[in-house]
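Enquirer: Using my numbering, read the sequence shown as starting at 2 and increasing by one per residue. Virtual Cβ for every residue (Gly too), placed ideally from N, Cα, C. One structure coming up, written as C-alpha cells, with questions to follow.
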Amino acid sequence: MERAYDPYENAVTVLEQAMDVGNIDRSMFEIIKNPQRAVIVYLPVEMDDGTVRVFEGYRVQHSNIRGPFKGGVRYHQDCDLNETKALATWMTLKCAVVNIPFGGAKGGIRVDPKTLSKQEIRRLTRRYTYAIEPIIGADSDIPAPDVNTNSQTMAWILDTYSMLKGKPCPGVVTGKPVELGGSRGRESATGRGVVISSKLILAQTGETLAGARVVIQGMGNVGGNAARIFHHRGAKVIAISDVSGGIYCSDGLDMDLISEFVAGGENLLKDYNAPGVTHISNQELLLCECDILVPAAMENQINEDIALKIQCRFVIEGANGPTTAAADAILSQRGITLVPDIFANSGGVIVSYFEWVQNIQTLTWERDQVNEMLEGIMTKAFREIMEEVRVSKCSLRMAAYILAIRRLLYAEEIKGIFP
C-alpha cells in the first residue's frame, strides 16, 4: 500500500526545521535522520482453519546513543516500514526531551487484528518474538504496547523470549501485567501524561482543568484513559470517538459510564445512547468548539484542511504524528497553541522506564509513587521546553525538538564516531 502521506518524511521535515530554528550544526544530521537498523521479518502462522498465512513485520532501531532502544509494537493493516521508521525517530526524540536514558525503536506487523481470533494473534505474536529475538533484550531493545497491542501481547512476548533464553526475563518488555512484573500505573500512563500536559499549558494562562471543555479523538488506551482522568479532575469531556464514530454532549459526557460500556472491546460508541448525547462523524469531532483538542488516534489526522477549521485553543497531541508539518504552520498562524507528541504522550515511555528500573532491581513501587514521579519528570521537561521557547522565540514543537536534538548531538560528540 502506498501512502499519500509519508510520516517519516514529515518527521525529517520537522527535524530540519528545528535545526534551522535552533541554529544547530548540521554536520551530524545524517546520524539523527537515519535509523541504526531496520529489520523486515516474514511470519508464517497457522490459522484456526489449518491454512498458513505469512505476515510482514518490522522492527526499527533508530538510536541507542543515550541508552537501550525502547519502543512499542503495533498491529495495524496500514503498518509499513516508513511509518515504523517515523515512530522510532519520534521515540528517540521523546526519550531525549524528557531526559530518560533510552533511545528510540518501534515495531509492528501489517495485520488487521480484528480479523484474527485470540489464538491466531497469540501465534502471530510468538512467531514475531521468535523472529526479532536476536535484537531485543533488557539491555538492548525493550518493546512495549502500542496500537492494537496491550499487556496480554507483552505477556506472550515475555513468555516466548524467556523460553528461548531458558530463564525468566521480565525486563525484556514493559507494559506487561503487574502479576508478571509490570508497573502499577503503566496502563494509564500515556493518557495521564496527556492530562498533565494540558494542566501545564493551561497554567501558563492562569487556568486550571476544572471546567475546561475537552474533545478527544480516540477511545483506545491513550484517549480512553485521558478522558477518564480529565473527567475525574473536573474537566468537561464534551466529545470522544472510536473507530465507529463519535459522540457529543455539550454538558459533558459521563466518562465512567462510557468507559464501563466499552470495557472489553465488545461495544462501540456508535451503539452508545444516553440523554443529551448525539452521534457525530470523526471530522465533526475534530471541528467541535472546545478549549482542548486531543488527537489520540493515528498519524495525519490534522491536515491543512482541518487546521484551517478547528475551533480549539490548545491541541495536545496524544497520538504520534497526528499533525502534518503544513498543518502545524497553519495552527501557529491562527494562534492555536500545540503541545507536541514527543512531550505530550511521553507518559507511557516514562513509566515504562520506571517499570524497567523496577525489573532490573527487583523492586515494586506503589501507584501513587509512580504517578508523582511521572508528574515530576514531565513538569521539569515542560519548564525546559518553555525556556527554549523564550530563548529561541519559537513554537513548543520546535523548542522540544531543539532540546532533544542538542542532547542527542552532545551524546554523539562526547562518544566520538567509531573509526
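(1) Rounded to whole angstroms, what is the Cα-Cα separation between Lys237 and Val295?
(2) On the DSSP bridge list, what partners appear for Gln312?
(3) Note down, in chain order, each residue of its chain lying with its Cβ closer than 7 Å to the Cβ of Met20, except the 5 sequence neighbours on either side.
(4) Taking only three categories from DSSP, how would you classify Phe355?
(5) Terminal residues of the continuous alpha helix (DSSP H) containing Leu181?
(6) Classify Lys237 as helix, strand or coil using the three-state DSSP reduction.
(7) Is Val244 helix, strand or coil when you go by DSSP?
(8) Alpha carbons only, please: which of Phe231, Leu309, Ile25 is nearest the one belonging to Ile317?
(9) Only counting the same chain, and skipping five residues up and downstream in sequence, which positions put a Cβ closer than 7 Å to that of Glu356?
(10) Sorted by chain position, which residues of the same chain lie with C-beta nearer than 6 Å to Arg38's C-beta, five sequence neighbours on each side aside?
(11) Taking 7 Å as the cut-off, decide whether the C-beta atoms of Ile331 and Leu364 are in contact.
(12) Skipping 5 residues on each side, what residues in its chain have a beta carbon closer than 8 Å to that of Ile25?
(13) Enumerate, from N- to C-terminal direction, the unbroken beta strand (DSSP E) stretches of 3 or more residues contained entirely within the region 60–90.
(14) To which residues of the same chain is Phe56 closer than 7 Å at the C-beta, ignoring the five residues directly before and after it?
(15) Check this for me: beta carbons of Met220 and Ile241, under 7 Å apart or not?
(16) Output the boundary residues of the beta strand (DSSP E) element that contains Pro146.
(17) Can you list, in chain order, the stretches of the alpha helix (DSSP H) that have 4 or more residues and sit fully within the region 150–232?
(18) Return yes when the Cβ of Phe315 is within less than 7 Å of the Cβ of Ile293, no when it is not.
(19) The beta strand (DSSP E) spanning Thr14 covers which residue range?
(20) Rounded C-beta distance between Arg75 and Asp147? I'm assuming under 8 Å.
(21) Going by C-alpha to C-alpha distance, which of Asp369, Gln120, Glu413, Arg67 sits closest to Gly51?
(22) Can you tell me whether DSSP reads Lys119 as helix, strand or coil?
(23) On a Cα-Cα basis, can you pick out the residue from Glu134, Gln153, Gly212 that is closest to Gly167?
(24) What would DSSP say about Tyr273, mapped onto helix, strand or coil?
(25) How do the region 250–264 and the region 298–306 stand: do at least 3 beta-carbon pairs fall below 8 Å, yes or no?
(26) Measuring alpha carbon to alpha carbon, tell me which of Pro341, Ile101, Leu94, Phe383 ends up nearest Ala320.
(27) Would you mind sorting Lys177 into buried or exposed? The rule is 16 or more other CB atoms within 10 Å of its CB.
(28) If you measure between the beta carbons of Val350 and Lys107, is that distance less than 7 Å?
Expert: Taking the coordinates as given:
(1) Answer to the nearest angstrom: the Cα atoms are 13 Å apart.
(2) For Gln312, the beta-bridge partners assigned by DSSP are Glu290.
(3) Only Arg27, Phe30, Ile406 meet the Cβ criterion.
(4) Residue state, collapsed to three classes: helix.
(5) Taken as a continuous stretch (DSSP letters only), Leu181 belongs to no alpha helix (DSSP H), as it is neither H nor E.
(6) Correct three-state label for Lys237: strand.
(7) The three-state secondary structure of Val244, taken from DSSP, is coil.
(8) Nearest C-alpha to Ile317: Phe231.
(9) Excluding sequence neighbours, Glu356 sits near Thr175, Gly183, Ser184, Arg187.
(10) Gln62.
(11) One thing to note: Ile331 has its Cβ no nearer than 7 Å to the Cβ of Leu364.
(12) Around Ile25: Ala19, Ile403, Ile406, Arg407, Leu410.
(13) Listed in chain order, the complete beta strand (DSSP E) runs (minimum 3 residues) inside the region 60–90 are 70–77.
(14) Correct list, in chain order: Leu44, Val46, Ile110, Arg111, Val112, Leu125.
(15) Yes, they are a contact pair.
(16) Where Pro146 is concerned, the enclosing beta strand (DSSP E) stretches over 142–146.
(17) With a minimum length of 4 residues, the unbroken runs of alpha helix (DSSP H) contained wholly in the region 150–232 fall at 152–166, 190–204.
(18) Yes, these two residues count as a Cβ contact at 7 Å.
(19) Annotation: Thr14 is outside any beta strand (DSSP E); the continuous alpha helix (DSSP H) that includes it extends over 8–22.
(20) Contact annotation, Arg75 with Asp147: C-beta distance approximately 4 Å; criterion of less than 8 Å satisfied.
(21) Considering only alpha carbons, the answer is Gln120.
(22) Looking at Lys119 - three-state DSSP - the assignment turns out to be helix.
(23) Considering only Glu134, Gln153, Gly212, the residue with the shortest C-alpha distance to Gly167 is Glu134.
(24) Taken through DSSP and simplified to helix, strand or coil, Tyr273 comes out as coil.
(25) The region 250–264 makes no contact with the region 298–306: fewer than 3 CB pairs, one atom from each, lie closer than 8 Å.
(26) The option with the nearest alpha carbon to Ala320 is Pro341.
(27) Residue environment analysis places Lys177 among the buried positions, since at least 16 neighbouring C-beta atoms fall within 10 angstroms of its C-beta.
(28) Not closer than 7 Å, so no.
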